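Contents: one structure, followed by commentary.
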Amino acid sequence: MKETLETAVDGLHQGGVVACPTEAVWGLSCDPEDRTAVETLLELKGRPVEKGLILVAGAIAQFEVLLKGIGEHKQTLLSESWPGPKTWLVDHRGRVPNWIVGDHDKVALRVTDHPIMSALCMAWGGPLVSSSANPAGLEPAKTLDQVESYFAGKLSAVVPGETSGRASPSQIIDLDTGTIIRA
Numbered sequence: 001m002k003e004t005l006e007t008a009v010d011g012l013h014q015g016g017v018v019a020c021p022t023e024a025v026w027g028l029s030c031d032p033e034d035r036t037a038v039e040t041l042l043e044l045k046g047r048p049v050e051k052g053l054i055l056v057a058g059a060i061a062q063f064e065v066l067l068k069g070i071g072e073h074k075q076t077l078l079s080e081s082w083p084g085p086k087t088w089l090v091d092h093r094g095r096v097p098n099w100i101v102g103d104h105d106k107v108a109l110r111v112t113d114h115p116i117m118s119a120l121c122m123a124w125g126g127p128l129v130s131s132s133a134n135p136a137g138l139e140p141a142k143t144l145d146q147v148e149s150y151f152a153g154k155l156s157a158v159v160p161g162e163t164s165g166r167a168s169p170s171q172i173i174d175l176d177t178g179t180i181i182r183a
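Residue numbers (the working numbering): 1 to 183.
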């Protein structure tokens, strides 16, 4: 596993896109600070930049810069739900590139409880983009075979493993209003 993570991190450093199992489906990840890498991921998926992307971390500390000044109540909500299958929409206050947030004034953040995705984020040293591994209009990949059928030869690395088996992707909730965007 260590060698696979090292290969994936090397691919990320070179501006590549990697696949990794997550809580419910396989995900595609890249360096959120590398515009070209994000554009490559969006092109692979056929996803418009305006929709925005989720950032996933291995520990809440990896979001420290983005969570500064959000208030004690909101910090408590986040720390009680992470790590886990909750993605929170948080005001980014200009701290996140537009190729991540798209047309939105909030960024989607999740601290994963999937051991492999968490290990990848920790080995990388910060948050990564996480978007379901599927071209637009097709079902998200739930197996390695599906990832390979969708993206054969187009990824820098694939970290083997299994999803956590959850029935659906993470719930998305607006941190300010409590509104559930995706159940």
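All residues carry an ideal CB built from backbone N, CA and C; glycine is no exception. As the structure is a computational prediction, the values presented were derived from the model and not from experiment.
DSSP places Pro115 in the helix class (H, G or I) of the three-state scheme. Under the DSSP definition of a beta bridge, Ser29 partners with Val18. Contact between Pro97 and Arg35 is confirmed by a C-beta separation of about 7 Å, below the 8 Å threshold. Around the C-beta of Glu23, 16 or more other C-beta atoms lie within 10 Å, and the residue is accordingly described as buried. Assignment of alpha helix (DSSP H) within the stretch 112-164, counting only whole runs of 4 or more residues, yields 115-124 and 144-151 in chain order. Cβ atoms of Ser132 and Pro169 come within 8 Å of each other, at about 7 Å.
The beta carbon of Ser164 is closer than 6 Å to those of Glu23 and His114 in its chain, skipping five residues each way along the sequence. Just measuring C-alpha positions, the residue of Gly11, Glu3 and Arg182 sitting nearest Ser156 is Gly11. Within the DSSP bridge table, the entry for Lys86 names Gln171 as partners. Rounded to whole angstroms, the gap between the alpha carbons of Glu3 and Ile100 is 29 Å. Counting along the chain, the unbroken alpha helix (DSSP H) around Ile100 starts and ends at Asn98 to Val101.
Bridge partners of Val107 according to DSSP: Val90.
Relative to the Cα of Arg93, the nearest Cα in the group Val107, Thr87 and Ala119 belongs to Val107. Taking C-beta atoms as the reference points, Gln171 and Pro85 count as a pair closer than 8 Å.
Going by C-alpha positions, Glu6 is about 24 Å away from Lys45. Phe151 is positioned such that its CB atom lies closer than 8 Å to that of Ala19. Proximity to Val56 across Thr179, Thr112 and Leu77 peaks at Thr112, based on C-alpha coordinates. Take Thr40, set aside five residues on each side of it, and the residues of its chain with a beta-carbon closer than 6 Å to its own are Val17, in chain order.
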